[in-house]
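In full-length UniProt numbering, the protein residues as written are 1 to 214.
For every residue, glycine included, the Cβ atom is placed at its ideal position computed from N, Cα and C.
A short worksheet on the structure shown next.
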Amino acid sequence: MRGCKVLSDEEIRLVLNELQVRDRILFLTCLTFGTRISEALDLKFGDLKGKTLYLRSQKGSENQSFPIPESYKAEINELKKFYEEKGVDISDYSPLFMSQKGINRSITRQLASYVIKSVSKRMQLDGKINTHSFRKSFVNRIYELTGYNIAETKTYSRHKSLVNLEYYIKTTESTDLVKKLIWIWCVRYSPWCWNIWGNIFNGDFMTVVDLSLN
1 MRGCKVLSDE EIRLVLNELQ VRDRILFLTC LTFGTRISEA LDLKFGDLKG
51 KTLYLRSQKG SENQSFPIPE SYKAEINELK KFYEEKGVDI SDYSPLFMSQ
101 KGINRSITRQ LASYVIKSVS KRMQLDGKIN THSFRKSFVN RIYELTGYNI
151 AETKTYSRHK SLVNLEYYIK TTESTDLVKK LIWIWCVRYS PWCWNIWGNI
201 FNGDFMTVVD LSLN
């Protein structure tokens with residue numbers, strides 16, 4: 001979606017802290033893996049059992065696999081517990097983001113859009129914020145982490161063409177940088193840990209997390 005806003009670190013923290021568990025993890029998924037909202041809503045619990053998430057091509061984009069951060073797995077376990085406490089049996093084929101109208105159905109894109117727009121309005125956030133803002137924020141952050149390397153960013157964004165990223169260049173297949181994203185820890189533990197992005201390549205990911213917990 002053209003024209004949607006790239007969210008600031010503070011805006012992301014405010015929005016995610018305002019959401020209930022299912023919706024929070026939905027948008028964390030878009031932030032962690034750069035998924036389009038339709039791709040996130042298509043995910044099943046079985047897609048996240050191993051160490052790697054395989055994203056199926058949508059909108060003509062490339063198939064891609066990403067390592068699953070342990071912190072994100074912990075969020076998925078919380079989501080599973082949330083459903084089970086409501087009496088829902090979870091299988092590998094259960095949608096990750098279930099509709100209350102049916103346990104075998106995901107919520108709709110329209111509902112996801114309504115949720116984020118309602119929260120943004122309630123929080124009085126400026127600019128055009130919608131479900132695509134989270135994917136756009138992911139791409140923007142990866143672009144920063146790669147040292148503004150558009151070619152490497154393409155691997156993460158999964159665009160076939162780099163028209164929206166100015167040009168197309170074949171790039172590496174490594175996607176380990178998703179382990180560097182610390183959205184979850186910043187949301188849960190420390191508002192000021194958003195300021196440590198500049199130092200993120202200087203140490204181990206878990207070291208950064210530990211600093212935010214002290």
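Status (buried if at least 16 other CB within 10 Å, exposed otherwise) for residue i
i    : result
V21  : exposed
W192 : Low per-residue confidence applies at W192: pLDDT is 42, beneath 50, and the placement is therefore not dependable, though the value from the model is reported in the following sentence. Exposed, by the Cβ-count rule.
T108 : exposed
E39  : buried
Y93  : exposed
E85  : exposed
R36  : buried
T52  : exposed
Y156 : buried
S118 : exposed
S133 : buried
S120 : buried
M123 : exposed
S91  : exposed
R141 : buried
R158 : buried
Inter-residue Cα distance where the pair is residue i and residue j
i    : j    : result
A112 : C4   : 15 Å
L16  : V88  : 24 Å
D126 : L7   : 10 Å
Y54  : K73  : 15 Å
K136 : V115 : 18 Å
D42  : L96  : 8 Å
K128 : K81  : 33 Å
A151 : K101 : 42 Å
N149 : Q64  : 18 Å
L19  : S106 : 17 Å
N77  : S71  : 10 Å
P69  : I12  : 19 Å
Contact with chain D by residue i, beta-carbon distance below 9 Å
i    : result
S113 : Structure shown: chain D not included; a single protein chain is present.
Per DSSP, the bridge partner or partners of residue i
i    : result
Y111 : Contrary to the premise, residue 111 reads as Leu rather than Tyr in this sequence. Bridge partners of L111: none, in fact.
P67  : T52
T44  : Note that residue 44 is Lys in the sequence shown, not Thr. Its beta-bridge partners are P95.
For residue i, the three-state DSSP class (helix, strand or coil)
i    : result
Y93  : coil
T52  : strand
R105 : strand
S157 : helix
R122 : helix
E84  : helix
C4   : coil
K128 : coil
Range of the contiguous alpha helix (DSSP H) that encloses residue i
i    : result
K136 : H132 to L145
N149 : Unbroken run through N149: none, as it is neither H nor E.
F27  : V21 to F33
V15  : D9 to E18
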